[in-house]
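Chemist: Residue 0 is where the sequence shown starts when you use numbering that gives the first Met the number 0, and the numbers rise one by one after that.
Virtual Cβ for every residue (Gly too), placed ideally from N, Cα, C.
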Amino acid sequence: MVTEEMLWKDSYLLGHALIDEQHKGLFKAADTLMEALKQVDTREDYTYHIRESLAFLKEYALNHFRYEEAYAFSMGINYDAHMKLHGKLLGNVFHHEKKLMGSNFANSDVKEFLGFFITWLIYHIAEEDQILSKGNIAAGITSPVSDTIRWDEVIEKFADRTCDVFKTVTGLSEKDITRQMKHNTRITPDVCYEVAIIGKVEKVIGYIYSKEIALGAFKVMTSMEVDELNELIYSSLQEISNIISSRFSGIITASGIECDIDTPRRVTVEEIPFTNHRFLTHTKLGSMEVILFDK
Ligand SMILES: [Fe+2]
């Protein structure tokens, strides 16, 4: 039984009573699933419990998305891009569900699903839904169309967006997150991801996370203490890399050059070359490194 709200923070409130209530419900559903995961050694009906919690969460998310989209429509808000985010999430949930069924809800697969889902939920509600509720989803795409990309400028903007994503998912304040361009410091490469950019830009973004930032970020996001790197943390970092990369493709698309991102892939640090287009993000939870390189 869930005794307290672990994941919800009042900073996620949008000011729309029913949508806020539904968002709390989604976090609560994730809380229930996390609780179920903790009881893996003590409950005999563990699989049944997880299966039920997941089915509830899926149903709840579907109904909520329908409501949110109907609300945006009734308010005359352009929600096409937002609807795509919902669709992508549901696609991901179905993918995880299939995997979970295949392994009869193996502990590692449940963790992988939860790490992803919690991270997605926090960012979506703390950022994307806020934008939607203000009705300015297309804002920012105003730069003139150009064929040439000034990479130094892009990297500066990208470093800012990376800090923004960290601020949103962790709730840290501005002064606790800084960026460092053209550094010569290497951070301990405990977990690495790469995300390929697809479309007219042939680049790859490499992400290097220290264990410190990986565990620290997860703790402030979920109030859950995890001592070692495991699937919960990996899939949370995978989703953070995915979100940051979507900010990158947003910057490029805003300059009139169409591109999208591929699914993040876990790699070794040797697979990420050291290029001039790189920056560090320092937070009080630890540091991470981002490197842009050619395909
Ligand atoms: Fe939404």
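Just to confirm the assignment: which complete beta strand (DSSP E) runs, minimum length 3, are found wholly within the region 232-272?
Modeler: List check, beta strand (DSSP E) in window: 258-260, 264-266.
Chemist: Please classify E200: does DSSP put it in a helix, a strand, or coil?
Modeler: One detail in the question is off: residue 200 reads as Val in this sequence, not Glu. Note: V200 maps to coil in three-state DSSP.
Chemist: Going along the chain, which residues of its own chain have a beta-carbon closer than 8 Å to the beta-carbon of L131, five neighbours each way excluded?
Modeler: For L131, where only same-chain residues beyond five positions count, the Cβ hits under 8 Å are E67, A71, I76, Y78, H81.
Chemist: Grouping DSSP H, G and I as helix and E and B as strand, with all else coil, what is G75?
Modeler: G75: coil per DSSP, three-state reduction.
Chemist: Would you check whether ligand 1 has a heavy atom nearer than 7 Å to the C-beta of D79?
Modeler: Because no heavy atom of ligand 1 lies under 7 Å away, the Cβ of D79 does not count as near it: no.
Chemist: Helix, strand or coil, according to DSSP, for F26 in the structure here?
Modeler: F26 falls in the helix class under three-state DSSP.
Chemist: Alpha carbon to alpha carbon, how far is I271 from S73?
Modeler: If I take the Cα positions, the gap works out to 47 Å.
Chemist: Say the cut is 7 Å; is the CB of D128 nearer than that to a heavy atom of ligand 1?
Modeler: Yes, since a heavy atom of ligand 1 falls inside the 7 Å radius drawn around the Cβ of D128.
Chemist: Could you give the DSSP three-state label for V219: helix, strand or coil?
Modeler: DSSP places V219 in helix when its eight states are reduced to three.
Chemist: Which residue spans inside the region 77-163 form an unbroken alpha helix (DSSP H) run of at least 4?
Modeler: Within the region 77-163, the complete alpha helix (DSSP H) runs of at least 4 residues are 79-101, 106-122, 128-133.
Chemist: Pick helix, strand or coil for H48, following the three-state DSSP scheme.
Modeler: Residue state, collapsed to three classes: helix.
Chemist: With DSSP run on the structure shown, which of helix, strand or coil describes M180?
Modeler: DSSP places M180 in strand when its eight states are reduced to three.
Chemist: CB-CB under 8 Å to K166, same chain, minus the five flanking residues each way: which ones, in chain order?
Modeler: Closer than 8 Å at Cβ, skipping near neighbours: S172, E173, I176.
Chemist: Residue range of the beta strand (DSSP E) that R185 falls in?
Modeler: Here R185 belongs to no beta strand (DSSP E), and DSSP marks it neither H nor E.
Chemist: Alpha carbon to alpha carbon, how far is W119 from E155?
Modeler: Spanning the two alpha carbons is a distance of roughly 25 Å.
Chemist: Please classify I140 as buried or exposed, where buried requires at least 16 neighbouring CB atoms within 10 angstroms.
Modeler: Residue confidence is low: I140 scores 39 on pLDDT, short of 50, so the model does not pin down where it sits. No coordinate-derived value is stated.
Chemist: Counting only the same chain and skipping the five closest in sequence on each side, list residues whose C-beta sits under 6 Å from that of W7.
Modeler: The residues are K23, F26.
Chemist: If contacts are defined as beta-carbon pairs under 8 Å, then I197 and C258 qualify, I think. What distance do you get, rounded to the angstrom?
Modeler: 7 Å between Cβ atoms; contact.
Chemist: Can the beta-carbon of M220 be found closer than 8 Å to that of M5?
Modeler: Not closer than 8 Å, so no.
Chemist: Span of the beta strand (DSSP E) holding M287?
Modeler: Note, M287: beta strand (DSSP E), 285-293.
Chemist: Considering only residues of the same chain and omitting the five flanking positions on each side of D128, which have a CB-CB separation below 7 Å?
Modeler: Taken in chain order, the residues that qualify are L13.
Chemist: For F64, which residues in the same chain have their Cβ closer than 7 Å to its Cβ, ignoring the five residues on either side in sequence?
Modeler: Here the set comprises H85.
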